[in-house]
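K.L.:
In the numbering used here, the protein residues as written are 669 to 929. All residues carry an ideal CB built from backbone N, CA and C; glycine is no exception. Okay, handing you the structure first.
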C-alpha cells in the first residue's frame, strides 16, 4: 500500500488526475492502479491520468493514460490542464514547450486558467459522403448533424467506434452541429468508452472540418457540454492545416492524498 499526492484538474468538464513525476516517484503505476484512480466510485474519478515528467530539451514531458488504465494518444484538454499544472509547479516561462506522445507542443497562458495549446499540423483528411476522418494527435471520426442535443452519443458513437473498421484500434466519434457562431460538439471517447463533457483533439478535428474552401486563418468558437473553447488555425491546402491552436480554460479542482490498493 502506498499513498500518493495528486491534483485534480478540469478543462471544460474533461477531468484529469495529475501527479508531479519529475523525480520519477510515480513510474511504478500499474494499469490497474491508473484505472482505480480514474474510477468515479472507488477512486478520485477522471477521464484520464497524467504525469508531469522531466524531458531533456523541453520544459517537461507529458505522459497520458486513459481511464481504462492504458497509455493513450494525445489529449488536447489534458495537455492544456498539464500546462496549467506545470505553471503551478513553478515552471514560469512565458511560453512552455513539452513533449507528448504525438510530438512537441508549445503553450502560452493568459491569466491563471486560460491555456492556448499548439497542436500538430494536420495533413490529409479522409472525406466520406457523411463523415470526415482525421488525426489531430488522436484519431477522430467527425459527423455533422442537424440537432446535436438529440443525438444518442453513447449508442451511436459506440456503434461507430466498435464497427468492423475501427474495433481493434478504436476511434473517437464526434457529432457536430453548425451554429450561427461556431459549432457545438459532443464526443464519444475511446478509452473512456462513453461520452465526455469535452474532448480537445475532437473539438480541434471538428473545427478544422468547418473551414470553407478559402486558404486563410480561421477562428472557430466551440461549445461543448462542459463549456466553451476556441480553435484557431490556418488552412494551407485542400486537406492541410497548420498553426492550429486549441484555446480554453484549465482549472484546479482540488488536491489530496490517496492510498493505492
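1. Does residue 778 come out as helix, strand or coil in the three-state DSSP assignment?
2. Report the start-end ranges of each alpha helix (DSSP H) in the segment 823 to 906 that is 4 residues or longer and not cut off at the edges.
3. Please report how far the alpha carbon of residue 907 lies from the alpha carbon of residue 791, in whole angstroms.
4. What is the C-beta distance between residue 785 and residue 747, in whole angstroms, given that I count them as a contact (C-beta under 8 angstroms)?
5. Can you tell me which of the three DSSP states residue 786 falls into?
6. Of the residues 682, 672, 671, which one's Cα is nearest the Cα of residue 896?
7. How many angstroms separate the CA atom of residue 812 from the CA atom of residue 875?
8. Here's the rule I'm using: 16 or more other beta-carbon atoms within 10 Å means buried, otherwise exposed. How should residue 887 be labelled?
9. Measuring alpha carbon to alpha carbon, tell me which residue in 855, 859, 864, 861 is nearest residue 873.
10. Thinking just about the alpha-carbon of each residue, which of 709, 678, 733, 798 is nearest to the one in residue 697?
11. Identify the continuous beta strand (DSSP E) that holds residue 676 and give its terminal residues.
12. Could you give the first and the last residue of the continuous alpha helix (DSSP H) run that contains residue 751?
13. What residues are listed by DSSP as bridge partners for residue 772?
14. Measuring alpha carbon to alpha carbon, tell me which residue in 756, 839, 898, 757 is nearest residue 801.
P.N.:
Put simply:
1. strand
2. 868 to 876
3. 6 angstroms
4. 5 angstroms
5. Reduced to three states, the DSSP call for residue 786 is strand.
6. Of the candidates 682, 672, 671, the one whose C-alpha sits nearest the C-alpha of residue 896 is 682.
7. 11 angstroms
8. exposed
9. 855
10. Nearest option by C-alpha distance: 733.
11. Note, residue 676: beta strand (DSSP E), 670 to 679.
12. For residue 751, the enclosing alpha helix (DSSP H) starts and ends at 744 to 756.
13. 767
14. 839
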